[in-house]
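Enquirer: The structure follows.
2 protein chains.
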Amino acid sequence: MAKIHEVAKAAGVSISTVSYALSGKRTISAETRQRIEQAVRELDYRPNAGARMLAGRRTNIFALTEPFRADTHAPAHMAFVLATSIAARRFDYDILLLTEEEASAGMRRVASSGLVDGVLVLDVAPDDERVDLARRISLPSVFIGVPDDHDGLVCVDLDFEAAADLAVTRLAVLGHRSIGLVGHPPVAYEKSNFPPRVRAGFERRAAELGIAAAVALPDQAGQRGAGVRAAVRDLLEGGATALVLHCDDSAHGVVLDELAQQGRAVPGDVSIVSVGATFDTAAFHPPIDSVPLVPQASCDLAVDLAMRLVEGDVVAPGVHLIEPVFHDHGSIAPPP
Amino acid sequence: MAKIHEVAKAAGVSISTVSYALSGKRTISAETRQRIEQAVRELDYRPNAGARMLAGRRTNIFALTEPFRADTHAPAHMAFVLATSIAARRFDYDILLLTEEEASAGMRRVASSGLVDGVLVLDVAPDDERVDLARRISLPSVFIGVPDDHDGLVCVDLDFEAAADLAVTRLAVLGHRSIGLVGHPPVAYEKSNFPPRVRAGFERRAAELGIAAAVALPDQAGQRGAGVRAAVRDLLEGGATALVLHCDDSAHGVVLDELAQQGRAVPGDVSIVSVGATFDTAAFHPPIDSVPLVPQASCDLAVDLAMRLVEGDVVAPGVHLIEPVFHDHGSIAPPP
DNA sequence: TTGAAAGCGATACCAG
DNA sequence: CTGGTATCGCTTTCAA
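Line by line, the protein sequences are chains A and B.
Read in the working numbering, the first sequence has 314 at position 132, and its numbers run on one by one without any break.
Read in the working numbering, the second sequence has 493 at position 311, and its numbers run on one by one without any break.
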């Protein structure tokens, strides 16, 4: 709990010199800087957060709003929270949590109390009420995800269309002429933003390449993945030699299990590519090729943009798309 | 972004009166209070967080340290984070997230920078490194969970022994004389704190009542819950007429599925009670009686204690146990 | 390259 | 019951 005053005295300089030495906002002679750094170390000095917030223009805190919705997938969500925190720490920023009701009311609160420098918006819904709020408050905000109405907002997301495109292209290059998509349950195509984008990219690219494209949106409510199993059978009977998966963790497992039960080898008989997964597709047996949604990539970019906004730099509003990357784990091959 | 000065002017009083009116630390005439409250509302005034931290003795922020361990169960963890946040808001406190490496280093950092008033420790391991840290820093801290060495620390947790005791007692009252425990995988009994406590409570109470008690700690690595299924078969063949479950979500499902396959009815042929679950056991088919671990209960108590510590009140160090509650969903009955 | 001093916006003590 | 004001610890402008 040493104060800047004590550091200054110990180093034999003024407090303003200490402040500048620490912030680096003014050139300090190497010698002086040495003495100050040593004093800081010896006293284990850390600037008082409150004083810094009051005197400076920065709080060094970002709010993270995350309404835990009923359909929120906990592991994926946790990965994003973690990634955000890691990204923020790289700029010496902390994360303040705004959950549930507070996800909206809290945005107002922290904005007018000057508790944070900006807001990171997680778990974005198509008709998210935080869209209006973000426009109303004076704080910079960055959405991790894309609401339907995002005029003037800064959003970050994986380029899901390009991801599906990439998956289809890789399969086409190997010679596949008929590909199936195992998607989320139908409801996800109304309540979420990205499933339709995957589907669109899938269908568009297939059309461009003159490839047969079939889509199955199995309901996952069935026992033991009955819906998913039926979807797989339908797609294969329809002539598909490859499957693109855009579904959750367990559905991936069910697909592999169904193929195994049918005695079809991966990738010998059927090729598989996962799109937009946040879990580790290499952990399956066999490992599955993937064009993943990488939380750290999204959150790094989001925090970068938030920092720029805090600095007062101009940031183009709109959706900042992250380029998809293909991860090869050996689950695709030419069709039999 | 109105300031206290403007509120004072608008209400025709001094700033100290405004401050006292808001904090309630001094009696204000009803009339004056009215005018101030109106001014506050009209200007949408909120005290500046930085100024408050600097001038007052409080930051109104708690740090929440949560190292996302490899074996952290995401949904349960999320429930605790959420519950902590809700509990804190009731005292007008916010939650600052300290994740991963920062879970420890961050404790030091926020302590010496005066960013928070206290630390809530989540996801506690038996040999948690944050134990030493908590003793070293000057901030109040409350552990949600119990480390092996908790001398002088304030900890909060469900009374797992009493929970198992309660489950056994209920079954004994109905006439069961042989009960089986389906537990976590063996490794959990070394790496976690509470599984042994459930086991101990289970065995002790059974011994007291002269009831046969068998324990199975199935490995969950097997395909389709093979380990859990084998455990259920063993216990029933051993004569058990009731099962106490202390295992994860999916293992619960497997137990029910195995019983169904064996053609045994619940609770007609076999009674079942879940102990220490954080998920909704009433959602199974059939619904399962439960002595749950309720995140909100733990976190409410933890925040209560943290508040008392912040206020300077004396809080008895040691483990503050939460009394278990039995939730009846109709899955227990007299033995056949 | 460095120092002195004016705030930042509340809280809470000392008066009245 | 209400007001004036010292104070919190730092950042940053103005001077040297």
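All residues carry an ideal CB built from backbone N, CA and C; glycine is no exception.
Using DSSP bridges, identify the partner residues of B/G300.
Expert: B/F244
Enquirer: Tell me, please, whether the CB atom of A/T281 is closer than 9 angstroms to any CB atom in chain B?
Expert: yes
Enquirer: Among A/G327, A/M235, A/L335 and A/G450, which has the Cα closest to the Cα of A/R318?
Expert: A/L335
Enquirer: Within a Cβ cutoff of 7 angstroms, which residues of the same chain sit near A/D482, ignoring the five residues on either side of it in sequence?
Expert: A269
Enquirer: How is the beta strand (DSSP E) around B/D276 delimited, first residue to last?
Expert: Where B/D276 is concerned, the enclosing beta strand (DSSP E) starts and stops at D276 to T281.
Enquirer: From the DSSP output, in three-state form, read off A/F273 for me.
Expert: Of the three classes helix, strand and coil, the one that applies to A/F273 here is coil, per DSSP.
Enquirer: Taking B/C337 as part of the beta strand (DSSP E), name the residues at either end of that continuous run.
Expert: V336 to L340
Enquirer: Can you pull out the residues from the stretch 209-242 of chain B whose beta carbon lies closer than 7 angstroms to at least one beta carbon of chain A?
Expert: Residues passing the 7 angstroms Cβ filter: D226, R228, P229, N230, A231, G232, A233, M235, L236 and T241.
Enquirer: Quick one: does B/A203 have its CB under 9 angstroms from some CB of chain A?
Expert: With its beta carbon at least 9 angstroms from every one in chain A, B/A203 lies outside the interface.
Enquirer: In the structure shown, what three-state DSSP assignment does B/D482 receive?
Expert: helix
Enquirer: Below 9 angstroms between beta carbons: does that hold for A/V195 and A/Y227?
Expert: no
Enquirer: How long is the line joining the alpha carbons of B/H428 and A/M183, rounded to whole angstroms?
Expert: 45 angstroms
Enquirer: Take every Cβ of the stretch 244-258 of chain A, pair it with every Cβ of the stretch 291-305 of chain A, and state whether three or more of those distances are shorter than 8 angstroms.
Expert: Two segments are said to touch when three or more pairs of C-beta atoms, one from each, lie closer than 8 angstroms; by this definition the stretch 244-258 of chain A touches the stretch 291-305 of chain A.
Enquirer: Select from the stretch 255-268 of chain A all residues with a C-beta closer than 8 angstroms to any C-beta belonging to chain B, and list them in chain order.
Expert: Against chain B - using a Cβ distance shorter than 8 angstroms - the residues of the stretch 255-268 of chain A are A256, P257, H259, M260, V263, L264, S267 and I268.
Enquirer: Near B/P469, which residues of its chain fall below 8 angstroms by C-beta distance, leaving aside the five closest residues on each side in sequence?
Expert: So the qualifying residues of the chain are T463, H511, G512 and S513.
Enquirer: Looking at the C-beta of B/I277, does it have a partner C-beta in chain A at a distance below 9 angstroms?
Expert: With respect to chain A, the C-beta atom of B/I277 has a partner C-beta closer than 9 angstroms.
Enquirer: Output the distance between the C-alpha atoms of B/V496 and B/V222, rounded to the nearest integer angstrom.
Expert: 35 angstroms
Enquirer: Does B/S286 get closer than 9 angstroms to chain A when you measure Cβ to Cβ?
Expert: no
Enquirer: Can you tell me which of the three DSSP states B/G362 falls into?
Expert: strand
Enquirer: If contacts are defined as beta-carbon pairs under 8 angstroms, then B/D339 and B/I504 qualify, I think. What distance do you get, rounded to the angstrom?
Expert: 7 angstroms
Enquirer: Quick check: what's the CA-CA separation for A/D416 versus A/A515?
Expert: Cα-Cα distance, rounded: 21 angstroms.
Enquirer: Could you check which residue in A/G232, A/D305 and A/D274 has the C-alpha nearest to that of A/T254?
Expert: A/D305
Enquirer: Note down, one range per segment and in chain order, each alpha helix (DSSP H) of at least 4 residues found wholly within the stretch 191-265 of chain A.
Expert: 197-205, 212-225 and 231-237
Enquirer: Report the three-state DSSP secondary structure of B/I268 (helix, strand or coil).
Expert: Looking at B/I268 - three-state DSSP - the assignment turns out to be helix.
Enquirer: If we count the other Cβ atoms within 10 Å of its Cβ and call it buried at 16 or more, is A/S323 buried or exposed?
Expert: By the 10 Å Cβ count, A/S323 comes out buried.
Enquirer: Taking buried to mean at least 16 other C-beta atoms within 10 Å of its own C-beta, is B/V507 buried or exposed?
Expert: Exposed, since its Cβ has fewer than 16 Cβ neighbours within 10 Å.
Enquirer: Which one or two residues does DSSP pair with A/S323 in a beta bridge?
Expert: A/V301
Enquirer: Using a Cβ cut-off of 7 angstroms, which residues of the stretch 293-311 of chain B contact any Cβ in chain A, in chain order?
Expert: S294, S295, G296 and L297
Enquirer: Just the Cα atoms here: how many angstroms apart are A/A344 and A/G383?
Expert: Computed Cα separation, rounded: 6 angstroms.
Enquirer: Does B/F250 come within less than 9 angstroms of chain A when only Cβ atoms are used?
Expert: yes
Enquirer: Cβ of B/A412 within 9 angstroms of Cβ of B/G362?
Expert: no
Enquirer: Smallest Cα separation from B/V397: which of B/N230, B/E390 and B/P378?
Expert: B/P378
Enquirer: What is the DSSP secondary structure of B/S453, counted as helix, strand or coil?
Expert: strand
Enquirer: Which residues share a DSSP beta bridge with A/D471?
Expert: A/V455
Enquirer: A/V328 to B/S267, Cα distance in whole Å?
Expert: Approximately 26 angstroms, taken between the alpha carbons.
Enquirer: With DSSP as the reference, label A/V313 as helix, strand or coil.
Expert: helix
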